[in-house]
Each structure stands twice: as structure tokens, then as C-alpha cells.
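Novice: One structure, as C-alpha cells, below. Some questions next.
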Amino acid sequence: MESITSAHMDTGLGDSLMEPQQTQAQSTNLNMEVYLLTHQFLVLLVTVSLAVVSGFETDEDKQRTQDQEAKARKYLQDLEDEFNRRANMASLVRWAYATNITEQNLKAQLAVMDADARFVKDQWLETIKYPWTTYKDPDLRRQFQKHSVLGYAALEREKFGKYMQLMSDMYSTYSKAKICGYRKPKKCDLSLEPDLVEILRTSRDPDELKHVWVEWRKVSGEKCRRMFEHYVALSNEAATLNNFTDNAEYWLKDYESPDFRDQVARLWDQVRPLYLQLHAYVRRKLRETYGEKLVTARGPIPAHLLGNMWSQTWNNILDISTPYPDKEAVDVTPQMQKQGYTPVKMFRLAEEFFTSLNLSAMPQSFWERSILQKPEGRELICHASAWDFHDGKDFRIKQCTRVVMDHLFAVHHEMGHVQYFIQYRDQPVAYKDGANPGFHEAVGDLIALSVLTPKHLRQIGLLEGDVSAAQDYEATINYLYHQGLQKIAFLPFAYVTDLWRWDVFKGKITSDKYNCEWWRLREDYQGIDPPVHRTEEDFDPGAKFHVAASVPYIRYFVSFVIQFQFHRALCEKAGQFDPNDPKKPLHECDIYRSTEAGNLLGKMLQMGSSRPWPDAMEVLTGQRDMDATGLLDYFSPLADWLERDNRESGEDIGWEPTEKRCVQTQEELGFEESDDDRRTEMQTDE
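Okay, so the sequence shown: first residue is 237 according to this note's numbering, each after it adds one.
What follows is the structure in C-alpha cells.
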């Protein structure tokens, strides 16, 4: 009962803006908490009573139970119809705003969300009247359990309105942010996509890269800082109204595992040694390019040199770090452009892969209503997203697609979301979601692991050569290295983004330490540091879309691990991988046209979230735990090569503390720099 749309728009508001309503709010919240506690006590009492007398159940008792459950099923069906109708309306106004950011569209979105919040709250109050914990039908209990969480609509109406306004303001600030050029300082219309992304991808001028890095954070994250503080307060308040200790616990509820954070920590421990080897190698290559003064032998890597605004993936520095530069890299961008590929043709290619697995084609409305390239003359946020309009037939993608190899990967990722929507569309509304959030993210990436193999690219005519030819060793290392710059490099960033937010929600990181703690975690886990000193007047986490838009990020970490777990299982099903046959390595597997693999995948997708995620995992892989063995199998040849190359070059593994400082204010930083200058002058005089 949390939301009436499949996408999440979270917001928050701080104490200072809530003072005029404080007494009323406290009264409302106290009444609601008393109501919830009383209800929970009564449910517990009924449950215990039933347990005591369960051995003496009469036919009359059985009939009464059946009647109660039949009534509950009828209620859920009526709720389903109304929920889907409202969800469709909400998705339409959200789509209108996301694809054309205007004040008029914003007002329309906020009005619908306000009305829907009131509806959801009313229905929630009705839902929790049902003694669902006593029902014998486990499916009925599970549906009610999912509907019994109200979400952010638990806030009183005025606070919820402020919450949604804050979310829209942060979203708008991020999407409209523009900076001035480095070489043309009067040209101040450079947006993140495509302008800044392209500069970071192609420029090797460290001063230009630093300019772009710093200026983007000024116009995005820094402007969201105060709003974010308020957002944290309201998010936590809403979480407590839903009987969670804080918003971190609320975000983790869909993983249905009390030890989920420990599970994620174990996964990171599995992959960290491989990341350290990759980090050491990349640092050496950057040092060879930019010099010892900028990239030290033992320090963290400067964040602006990694080809990405957030240093989350490093594939854009492939040209200066390829292990075997004389061996031609797998880059089909020129061939795609030569063959006249368009964004639509790229999506058609992705659709054909899914249908080759006996999965579904996109409905005609998808092609008519999606936005597959950036339109002219209007503001929209280019961050790619997939949309379910809750009518069983309208599914769309919004993506500013460019005809490049990286976007070919993104196209399959987004269509993977839509394929998931289509496969579980017949499930009850409570189950129209991934088995856990990481599952949804993994599906498209799973397909791309096959699509981006040289074997598959040859088969579809984007790479020259014999389809059946074995790849030579050097080409294999180059290919896996390219994949590693995207898959392995990403893991600590994905982990840190929510490690930081979890601690913010829990109050372990207070607002006066937001930025410095962010950089402490990024140094500890990623081994990177900022190109300039930072202060608490900056707000670098907010320069990332998912932070500004309140999208939980641990799903991506989970996805980047379990996609290889899924891939391993499907490749075995397709006869493309055998752990005991060196001629069938995992990194060469392509499940294209394997209906056996497709049918197995479809079986898992159709479950939605009707069962806890370990059940869905078991259907596909035979395992009930998340495991990084598939990822390590896939990158095994690269891991061996990196260890040997780093050892032979005498490269240090790991990093020493950064020399960059993080303090409270720019003024304080200025004083420190002045002191440093005076000390330098004194040493020179001596």
C-alpha cells in the first residue's frame, strides 16, 4: 500500500519548516502510533489464542475461517481494481513531468499524488482492520502483509505535500543544472548529458576535467544540501509511522532478510581482492599518462581522471589503460554508425534477443509512446528509466540514447525491466515487482552479458570474423578488462552510496559531517579522492541522480553480483558453460536463441515478488543465497593476469591516506591554505 506507481519518488522535510504545525503533528503521530501498537497487540493476542485452541477447531470454526478469508480475498480484488486505475493516472502525470519539466506539469503531478496519498491512507486504515496474520492461506497473508505498509503517505497531509514538493525541487534542480565551459567560460549551457559526459569521456586535460568535476557539484549537489536535510527528517518520520526504526530499515524491507546488510558485506569481502588488483593496475596506467605529481604510486586515484562524473565506472579510460593496446579492442560503435543504427534500431535489436529466448515482444504502444532519444526544445532528465503504467499493456522507456556501444548495453538493461513488467503483469498488484530490487536491475544486465560477447557481436554482424573462432588470449584479457572497468569498478561505489545513506538515516552521520563522511567512505572502499579540498558547504553525494531523486542504490550492488549468478545458471542450461571444460568458459557464453534458458528465466520472472527472493533464486539457480562465485568465475582469467602483471611491475596493492582535506567551511579551508603557504615560505627562506 506504499505507492500507486512502480517508480519511487521520496522526499523529506526538516524540523525548522515544521514548527508551526508541531503540536498538531505530534498529536496526530502519537494517535497513529497508539493505534498501530493497539492493533498489533490485538493481532498478537488473537494469534496466541488460535495457537492454544488450534487442536480443538470445529467444523464451524473452519467454516468461519473460510468465510473470513473469502471476504478478505474479495476486499483485495476490489482494492486491486481501484489501485490499478489510480496507478495508471499517477504514472501518466509523472511521465508528463519527467519528459517535460514545466511548472504546469509539476502542479498536475503534485495534485494527483496528494489525492492518491489520501486514498492510500484511507485504504490502509481499512486494510489493517483485517486479522490477516491469522489467515491460513499463506498467499493471502503475504498480500496483506505487503499492503499493510503504508509508506510515505503515513505523513500527515501537509507534511506529505512538503515531502513531495521537496522531492520535485531536488529532481528539478538536478535535471536543469548547467555549467559554463572551461575553454569558453561565457558558454554556460553545458548539461550533464550529453555535454559533460562527453568531455569526461574524451578529454585528457586534467585541468578541464577538474573544472567539469567541480562546477557540476556546485550547480547540482550543493544546491540540494538544505533540501536533503529536510528530506532526511521527513523520511525518517514516515518510516517510524510505518513501524520501522528509520528510513534505512524501511528501504531494506523488500529484501526480507534481517541479516541483509551482513550478506552484502560478505559479498563485498568476496570481490574486494579482485577490485584491489584492478585499482592498482589502473592507478599505474593513470600515473603513466598524467605523471607522478598528479597520480602518486601509493595514494588514492584522483576522482576526476576516471572518465565518469562519479568515478562509478571506468570504461572511458580504456584507451589509455588497455592491457594489450596493439590488439584491437572490441568497440562496435564505428560499425553501428556505419550500418546506420538509430536508437529505435538498437531497441529493436534488444527486442529480438528477448524473443529469441521465447520471451515477449514489446507491445505496439511501447514503440509509439516511449522516448528513445533526447527531444529538442524541452527540459527533461536524461537518466534512463523503464515505466509500468499498471494497465497490463502500456510499458515505456525514457532514454536519451546515443549510437555508441555503451548505450547498446543500456538499451538491453532498460528493456530487461520492461520484460520483467510484462512477465509478472498477471500477478496481483502486491506482487508486481522484482523478487527483490536487485533482481529487477539484474535481468537486463544478464542479457547484455551475452550480447556484448565478441561471439554474439559477430553473429549479429557488428564485429568482423568467424563466429565459431576461438578468441586469442590477449583479446580475451582486453575484453574482460573492458568488462571489469564497468562491472568490478562499480561495486564499491554502489556499496558506499547506501552505506552513507543508511548511516545518515540512522543518525550516525549528522548533517555537519555529510560531505566529509562521504569522502571518508569513498576513500576507504574505492581508493579515490577528490581533485580539490572539500568542505561541508559542498554536498557531493547530491551530485548523483539517485541521491537527489531518493532512489535506493544497494539494488545495483546486488544486481552486479547476482547477474553473474543468473548468467552461470542459464549458461549451464543452454549448454554454453561447463566448469570442467576449459573450452566452455563463462565469459564466452551467449544464451541467444536458447529457449531452454529463456523458459527457465521466464519462470522466475513470472513469479514477481509472490515469494521471498530466495525461492525465486532457487528456481533459477538451485541456490538460496547470493553468491559472487559466478562473477569470480567470469573474471578468472583477468584476475590471474592482473595479479601477475601487478607483481611483475612491483605495484603496491591498496592505498595510503589522501592528502586532500575536508573541513567545515571554505573560510576555514582558506585559513589552512594560508598557513600552508606561510610554512612553505619559511622553509624556503631557511
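Think of the CB as a built atom: it goes at the ideal place given N, C-alpha and C, for glycine as much as any other residue. As the structure is a prediction and not an experimental result, all values here were calculated from the model.
Counting only the same chain and skipping the five closest in sequence on each side, list residues whose C-beta sits under 6 Å from that of Y870.
Specialist: Locating residue 870 in the sequence shown gives position 634, where the first residue counts as 1. The residues are F800, L822 and H823.
Novice: Give me the Cβ distance between V507 and L806, rounded to the nearest whole Å; I'm assuming they're in contact under 8 Å.
Specialist: As a position in the sequence shown, residue 507 is number 271, starting the count at 1. As a position in the sequence shown, residue 806 is number 570, starting the count at 1. Contact doesn't hold; Cβ gap of about 21 Å is too wide.
Novice: With C-beta atoms as the reference, is P767 less than 9 Å away from P442?
Specialist: Taking the sequence shown and counting its residues from 1, the one referred to as residue 767 is at position 531. Taking the sequence shown and counting its residues from 1, the one referred to as residue 442 is at position 206. Contact: yes.
Novice: How many whole angstroms separate the CB atoms of K668 and G844, which I take to be in contact at a CB cut-off of 8 Å?
Specialist: As a first step, residue 668 is located in the sequence shown; it is residue number 432 there, counting from the start. As a first step, residue 844 is located in the sequence shown; it is residue number 608 there, counting from the start. The pair is a contact, with the Cβ atoms about 6 Å apart (cut-off 8 Å).
Novice: Cα separation between L512 and Y311?
Specialist: For the purposes of this step, residue 512 is identified with residue 276 of the sequence shown, where counting begins at 1. For the purposes of this step, residue 311 is identified with residue 75 of the sequence shown, where counting begins at 1. So the alpha carbons of these two residues sit roughly 54 Å apart.
Novice: I'd like to know whether the C-beta atoms of A864 and V797 end up nearer to each other than 9 Å.
Specialist: Taking the first residue of the sequence shown as position 1, residue 864 is located at position 628. Taking the first residue of the sequence shown as position 1, residue 797 is located at position 561. Going by C-beta atoms, A864 is nearer than 9 Å to V797.
Novice: Thinking C-beta only, is A620 closer than 9 Å to R378?
Specialist: Sequence index remark: in the sequence shown, residue 378 carries index 142 (1-based). Sequence index remark: in the sequence shown, residue 620 carries index 384 (1-based). In this structure, A620 does not lie closer than 9 Å to R378 by Cβ.
Novice: I believe A474 touches A390 by the beta-carbon criterion, under 8 Å. Please report the beta-carbon distance rounded to the nearest angstrom.
Specialist: Counting from 1 along the sequence shown, the entry for residue 474 is found at position 238. Counting from 1 along the sequence shown, the entry for residue 390 is found at position 154. Right, their Cβ atoms sit about 5 Å apart.
Novice: Report the partner residues of P538 according to the DSSP bridge assignment.
Specialist: On the sequence shown, position 302 is the one that residue 538 refers to. According to DSSP, P538 bridges with D765.
Novice: Looking only at its chain, what residues have a beta carbon closer than 7 Å to the beta carbon of N882, apart from the 5 residues adjacent to it on each side?
Specialist: For this step, residue 882 is matched to residue 646 along the sequence shown. Hits under 7 Å: Q513, A516, Y517 and I889.
Novice: Helix, strand or coil for C898, going by three-state DSSP, please let me know.
Specialist: By 1-based counting over the sequence shown, the position of residue 898 is 662. Note: C898 maps to strand in three-state DSSP.
Novice: So, does the CB of A389 fall closer than 9 Å to a CB anywhere in chain B?
Specialist: Structure shown: chain B not included; a single protein chain is present.
Novice: Confirm, please, whether the CB-CB distance from L346 to N381 is below 9 Å.
Specialist: As a first step, residue 381 is located in the sequence shown; it is residue number 145 there, counting from the start. As a first step, residue 346 is located in the sequence shown; it is residue number 110 there, counting from the start. Residue 381 is actually Gln in this sequence, not Asn. No, Cβ-Cβ distance for Q381 and L346 is not below 9 Å.
Novice: Helix, strand or coil for S384 per DSSP?
Specialist: On the sequence shown, residue 384 is found 148 positions in, with the first residue counted as 1. In the structure shown, S384 sits in coil (DSSP, three-state: anything other than H, G, I, E or B).
Novice: From the DSSP output, which residues share a beta bridge with F631?
Specialist: As a working mapping, residue 631 is identified with position 395 in the sequence shown. DSSP lists D624 as partners of F631.
Novice: Going by DSSP, what residues sit across from S427 in a beta bridge?
Specialist: In the sequence shown, counting from the first residue as 1, residue 427 sits at position 191. Note: S427 sits in a beta bridge opposite K414.
Novice: Could you have a look at R770 and say whether DSSP puts it in helix, strand or coil?
Specialist: Numbered from 1 along the sequence shown, position 534 holds the residue referred to as residue 770. In this structure, R770 counts as strand in the three-state DSSP scheme.
Novice: For I607, which three-state DSSP category applies?
Specialist: To locate residue 607, count along the sequence shown from 1; it is residue 371. Strand.
Novice: So, helix, strand or coil for A711, using DSSP?
Specialist: If you number the sequence shown from 1, residue 711 lands on position 475. Reduced to three states, the DSSP call for A711 is helix.
Novice: Measuring CA to CA, which of D375, N483 and E887 is closest to P848?
Specialist: Position 612 of the sequence shown holds residue 848. Cα-wise, what sits closest to P848 is D375.
Novice: Identify which residue in I683, L757 and A326 has its Cα closest to the Cα of C898.
Specialist: For the purposes of this step, residue 898 is taken as residue 662 along the sequence shown, with counting starting at 1. The shortest Cα separation from C898 among I683, L757 and A326 belongs to L757.
Novice: Classify Q799 as helix, strand or coil using the three-state DSSP reduction.
Specialist: Counted from its first residue, the sequence shown places residue 799 at position 563. In this structure, Q799 counts as helix in the three-state DSSP scheme.
Novice: Taking Cβ positions, are L593 and G834 nearer each other than 9 Å?
Specialist: To locate residue 593, count along the sequence shown from 1; it is residue 357. To locate residue 834, count along the sequence shown from 1; it is residue 598. Cβ atoms of L593 and G834: closer than 9 Å.
Novice: Measuring only the C-alpha atoms, how far is Q655 from Q600?
Specialist: Here the question's residue 655 lines up with position 419 in the sequence shown. Here the question's residue 600 lines up with position 364 in the sequence shown. Their backbone Cα atoms lie some 14 Å apart in a straight line.
Novice: Determine the direct distance from the alpha carbon of L542 to that of I435, and round the result to whole angstroms.
Specialist: For this step, residue 435 is matched to residue 199 along the sequence shown. For this step, residue 542 is matched to residue 306 along the sequence shown. Each residue's Cα considered, the two are about 12 Å apart.
Novice: Tell whether a beta-carbon distance below 9 Å holds between E587 and M641.
Specialist: As a first step, residue 587 is located in the sequence shown; it is residue number 351 there, counting from the start. As a first step, residue 641 is located in the sequence shown; it is residue number 405 there, counting from the start. Taking 9 Å as the Cβ cut-off, E587 and M641 do not qualify as a contacting pair.
Novice: Pick from F319, Y371, L716 and L699: whose alpha carbon is nearest that of A306?
Specialist: Residue mapping note: residue 306 aligns to position 70 of the sequence shown, counting from 1. Here the closest residue by C-alpha is Y371.
Novice: Given that a residue counts as buried once 16 or more other Cβ atoms are within 10 Å of its Cβ, and exposed if not, what is S547?
Specialist: Counting from one through the sequence shown, the residue named residue 547 turns up at place 311. The residue in question, S547, is buried, as its Cβ has 16 or more Cβ neighbours within 10 Å.
Novice: Determine the direct distance from the alpha carbon of E612 to that of N324, and round the result to whole angstroms.
Specialist: Counting from one through the sequence shown, the residue named residue 324 turns up at place 88. Counting from one through the sequence shown, the residue named residue 612 turns up at place 376. Looking at the two C-alpha atoms, the distance is approximately 27 Å.
Novice: What's the C-alpha gap between F741 and K459?
Specialist: Along the sequence shown, one-based indexing puts residue 741 at 505. Along the sequence shown, one-based indexing puts residue 459 at 223. Using only the alpha carbons, I get a separation of about 20 Å.
Novice: Is the distance from the Cβ of P815 to the Cβ of W487 below 9 Å?
Specialist: Position 579 of the sequence shown, counted from the start, is the residue given in the question as residue 815. Position 251 of the sequence shown, counted from the start, is the residue given in the question as residue 487. Cβ atoms of P815 and W487: not closer than 9 Å.
Novice: For P421 versus V566, is the C-beta spacing smaller than 9 Å?
Specialist: As a working note, residue 421 is residue 185 in the sequence shown. As a working note, residue 566 is residue 330 in the sequence shown. Going by C-beta atoms, P421 is not nearer than 9 Å to V566.
Novice: Just tell me which of D776, Q571 and L735 has its CA closest to the CA of D498.
Specialist: For this step, residue 498 is matched to residue 262 along the sequence shown. When each option's Cα is compared against that of D498, the closest is L735.
Novice: Suppose contacts are defined by Cβ-Cβ distances below 9 Å. Is M840 in contact with A671 by that definition?
Specialist: Within the sequence shown, residue 840 is the residue found at index 604, counting from 1. Within the sequence shown, residue 671 is the residue found at index 435, counting from 1. Yes.
Novice: Just list the alpha helix (DSSP H) runs in the stretch 293-351, keeping only unbroken ones of 4 residues or longer that don't cross its boundaries, in chain order.
Specialist: List check, alpha helix (DSSP H) in window: 295-335.
Novice: Just to confirm the assignment: which complete alpha helix (DSSP H) runs, minimum length 4, are found wholly within the stretch 482-567?
Specialist: Taking only runs of at least 4 residues, the alpha helix (DSSP H) segments lying wholly in the stretch 482-567 are 483-488 and 496-526.
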